[in-house]
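Just so you know, the sequence shown maps onto residues 1 to 470 in the UniProt record's numbering.
From the three backbone atoms N, C-alpha and C, an ideal C-beta is built for every residue, glycine too.
The next block holds one structure in the form of structure tokens; read it before the comments.
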Amino acid sequence: MTTTRTLLRGGHIVSMDPAMGDLVGDVLIEDGTITAIGPHLDIAEGAADIVDASRHIVIPGFIDSHRHLFQALMRGLAADWSLFQYFTTMFGMLGPRMSPEHMSLGTTLGAYDALDSGVTAVFDYSHNQSTPEHTDEAVRALQSTGIRAIFGYGGTMAEQLEILSPPFKSTTPSNEAEIRRVRGRYFASDSGLVTMGLAVRGPDSSPMDIVRADFRLARELGLRINTHIGMAVLDPYGRPNVTRLHSEGLLGDDLIFGHCNLLTDEEFRMMADAGVSASVTPEDESAMGHGWPPITQLLNAGIRPNIGIDTCMAVGGDPFTAMRFALAVPRGLANQRALESSVNPWLLDLSARDVLEFATIEGARALGMERATGSLTPGKQADIVMIRTDHISMAPVLDPVASIVHHASRQTVDTVFVAGKAVKRDGELVGVNAAELSRRAGESAAKLLDAAGVSPGWAPPPPAPPEGAH
Ligand SMILES: [Zn+2]
1 MTTTRTLLRG GHIVSMDPAM GDLVGDVLIE DGTITAIGPH LDIAEGAADI
51 VDASRHIVIP GFIDSHRHLF QALMRGLAAD WSLFQYFTTM FGMLGPRMSP
101 EHMSLGTTLG AYDALDSGVT AVFDYSHNQS TPEHTDEAVR ALQSTGIRAI
151 FGYGGTMAEQ LEILSPPFKS TTPSNEAEIR RVRGRYFASD SGLVTMGLAV
201 RGPDSSPMDI VRADFRLARE LGLRINTHIG MAVLDPYGRP NVTRLHSEGL
251 LGDDLIFGHC NLLTDEEFRM MADAGVSASV TPEDESAMGH GWPPITQLLN
301 AGIRPNIGID TCMAVGGDPF TAMRFALAVP RGLANQRALE SSVNPWLLDL
351 SARDVLEFAT IEGARALGME RATGSLTPGK QADIVMIRTD HISMAPVLDP
401 VASIVHHASR QTVDTVFVAG KAVKRDGELV GVNAAELSRR AGESAAKLLD
451 AAGVSPGWAP PPPAPPEGAH
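This is the structure in structure tokens:
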């Protein structure tokens with residue numbers, strides 16, 4: 001078999017691998033794997049496809065540890081909704097009316113949106129598996145896009161809806177037979193670009209017998225577990241739930257905890273000791289009512305967080321904005337504390353490189369993929385993003401890391417490779433009819449909103465006060 005070689009020539013490489021560092025040079029890709037990086041790789045004429053990477057910053061693909069891809073179909077609808085307005089409408093009105101075709105279209109749209117902005121791997125937290133057909137369509141859609149992903153099987157919207165009424169816990173057991181079917185049918189081996197995980201309701205949203213059963217099943221099947229925890233006032237009586245998991249010996253390095261806004265420092269230390277990953281989604285957490293992203297507390301406990309978008313219903317799908325929120329919010333909180341003590345901040349918390357790490361190598365660690373992706377390292381898969389430096393928003397590039405974090409946007413993402421395959425070239429997704437996809441999404445979303453009785457700009461009113469309340 002002949003080897004397929006691609007050489008990225010003369011880029012400004014920000015490897016995110018401390019042993020490799022940053023350099024101006026070349027990246028050699030052979031059969032989807034990075035095999036060499038150096039200032040000038042000597043490749044014989046005609047032995048490789050040459051990609052001119054001069055006037056580009058070359059970085060590892062971004063990794064999103066928490067994103068509900070299917071919700072791209074309802075993009076922007078939750079822009080002015082609080083978290084509980086979103087719950088009420090998503091779980092009670094929109095989600096239950098989504099068809100398998102909606103899941104397919106939304107997942108496709110969400111994955112291409114991610115790829116277009118340089119996200120090469122994602123944990124797809126897909127909690128709308130109302131029927132096996134919903135799951136079949138979502139999985140096939142995800143596999144068709146060329147993104148590296150963990151398909152996070154997340155149960156049904158009916159289960160989610162149970163969280164919103166007394167006893168404010170979802171008590172329906174997870175569908176174990178269906179989880180086993182999906183594992184066997186689509187993910188019998190873990191060698192594909194898309195693998196399987198479990199997106200569970202977790203102890204904030206389901207009783208401990210369900211939590212134990214979900215964790216046991218996930219661990220038996222070798223599935224990484226992602227869950228929302230410690231956000232908003234979801235379980236005001238039952239917390240601290242990380243302490244509960246800790247006391248039952250359930251914490252482990254196969255867990256990704258999303259949000260974590262209201263956890264205690266002691267719980268962060270328990271997570272650190274057990275190797276639990278923390279996924280912060282700084283923009284929607286700040287805006288919707290989850291609580292502040294707990295980045296400083298996590299770092300103080302010894303946990304390097306990773307970053308997710310969460311939902312394109314509320315925020316945009318690009319990792320650049322997420323990185324900027326991940327940098328600005330903890331700095332803002334620290335600065336405010338200093339100012340309130342009548343001190344002008346001199347040194348700032350965090351750096352642009354920190355948040356670039358959160359969005360790349362730390363995401364890879366959270367997804368259990370650090371041996372395959374997350375940095376430009378020989379031996380890893382070629383998940384690579386080339387960012388234009390000659391775009392008007394970028395020049396001059398004096399500090400490439402600052403340029404990526406503060407000035408880059410999806411418009412500057414020129415080329416994206418996943419496992420060496422170009423999914424975006426010269427600023428365009430490869431083999432994607434964006435106009436047709438947009439048309440279908442628009443039509444499909446309009447019908448869904450119509451059926452659900454939801455219109456853009458509408459927001460659910462507050463629930464009636466409980467009986468006997470004054
Ligand atoms: Zn979420």
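Annotation for T2: no beta strand (DSSP E) segment contains it, and DSSP assigns it neither H nor E. With respect to the C-alpha of S82, the residue from I59, F417, T412 and V233 having the closest C-alpha is V233. DSSP, read as helix, strand or coil, puts T145 in helix. DSSP places D414 within a strand segment (E or B) once states are collapsed to three. Counting only the Cα atoms, F87 lies some 24 Å from R224. Using a Cβ distance threshold of 8 Å, A382 and G420 count as a contacting pair. Straight-line spacing of the CA atoms in A459 and A314 works out to 13 Å. Beta-bridge partners of V280 (DSSP): I307. Counting along the chain, the unbroken beta strand (DSSP E) around D22 starts and ends at D22 to E30. Pairwise C-beta distances place the stretch 106–116 in contact with the stretch 143–163, as three or more of them are shorter than 8 Å.
Under the three-state reduction of DSSP, K169 is assigned to coil, being neither helix nor strand. In the assembly as shown, K424 is a buried residue. Its beta-carbon has 16 or more other beta-carbons within 10 Å. Checking the DSSP bridge columns, you'll see I225 partnered with L198 and L255. Under the three-state reduction of DSSP, R388 is assigned to strand. Counting along the chain, S65 sits inside the beta strand (DSSP E) bounded by residues F62 to R67.
Cα atoms of A213 and G76: separation of roughly 35 Å, rounded to the nearest angstrom.
DSSP assignment within the stretch 88–165 yields the following whole alpha helix (DSSP H) runs of 4 residues or more, N-terminal first: 100–116, 132–145 and 157–161.
In the displayed model, K447 falls within a helix according to three-state DSSP.
In the displayed model, A422 falls within a strand according to three-state DSSP. The C-alpha of V454 lies about 11 Å from the C-alpha of G92. Between the beta-carbon of N261 and that of M231 there is about 5 Å, and that keeps the pair under the 8 Å contact cut.
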